[in-house]
Amino acid sequence: MDIQGLIVFCMELAGTIAFAASGAMVGINCGMDIFGVCVLGVVTAVGGGMTRDVILGNVPGALMRPVYVSIAIVTALVVFLVFYFKRNLLQGKVGVLYDRVMMVMDAVGLGIFTVVGVTTGISNGYLENTFLLTFLGTLTGVGGGLLRDMMAGVPPYIFVKHIYACASVAGALSCVWIYRGFGQIPAMIVSSALVVMIRFLAAHYRWNLPRVRKL
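Residue numbering for the sequence shown follows our numbering, beginning at 807 and increasing consecutively.
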């Protein structure tokens, strides 16, 4: 594996861990058992990428390289066991710290998987199709979380929280343009950082659209 491949692999592993942890926490908050927590962790981590691969007409990479599924399962198990034996772990200041850590991990996962989705589309020969690449990047970034929330029976995160899908779209577009001018690694690093920055700004300023009052 060359340096470029190693960088991409490490970024994919970081995103897998981040999304698996967020998926596991949704399962725990919904009162699921260890199997349900693991399923949500795996779905969150690889669901978007598998959907992307099906659209491209490929065998999902998560099935060809089960290391990502394995990492997601291990991450979900660790999260489940920690909160199983420390049920009151999220009380007080620890809970506030946890919310911030999870926001960071979710933002990192969103940024990494967005650019991975774009570069996967490019490697399949669609470098000139900006719309398709943006769609693939956004789908890879938010698809797993959308599947997770549907399985957990909660409102999809991308519809009720701060700027999320829009951050993924911006990162995908950035990745496409930078890739064409400077190559894969600069595109992935800069664009994933852009997504993380947008998520942090959205969380800081609470940039929400006005909500319609229920009649």
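Just so you know, even glycine gets a beta-carbon here, dropped at the ideal spot from N, CA and C.
Note that the structure is predicted; figures quoted are calculated from it, not measured.
Can you check which of these residues, the options, is closest to residue i by C-alpha distance?
i, options, result
"Arg1005", "Met870, Gly811, Leu952, Met908", "Met908"
"Ile877", "Thr822, Leu1000, Pro992, Asp912", "Thr822"
"Ala976", "Leu952, Pro961, Leu953, Gly947", "Gly947"
"Arg986", "Asn935, Tyr970, Gly950, Ala826", "Asn935"
"Val982", "Gly923, Cys972, Leu1007", "Gly923"
"Val832", "Ile861, Val910, Ala820, Pro962", "Pro962"
With a Cβ-Cβ cutoff of 8 Å, do residue i and residue j count as a contact?
i, j, result
"Thr920", "Val1001", "yes"
"Ser974", "Ser997", "no"
"Ala826", "Ala882", "yes"
"Ala830", "Gly847", "yes"
Consult DSSP for residue i and reduce its assignment to one of helix, strand or coil.
i, result
"Pro961", "coil"
"Leu1000", "helix"
"Glu934", "coil"
"Tyr874", "helix"
"Tyr890", "helix"
"Pro992", "helix"
"Ile823", "helix"
Consider the Cβ of residue i: report whether some Cβ of chain C lies at a distance smaller than 8 Å.
i, result
"Val1002", "This model lacks chain C altogether; it includes just one protein chain."
Next on the checklist: For the segment 839 to 852 against the segment 931 to 944, do three or more pairs of beta-carbon atoms, one drawn from each stretch, fall closer than 8 Å, so that the two count as touching?
Outcome noted: no
Next on the checklist: Check whether the segment 949 to 963 and the segment 925 to 940 are in contact - that is, three or more C-beta pairs closer than 8 Å.
Outcome noted: no
Checklist entry - Quick check: the segment 809 to 819 against the segment 984 to 1001, are there 3 or more CB pairs under 8 Å? => result yes
Checklist entry - Are there three or more Cβ pairs, one per stretch, closer than 8 Å when the segment 855 to 875 is compared with the segment 830 to 838? => result no
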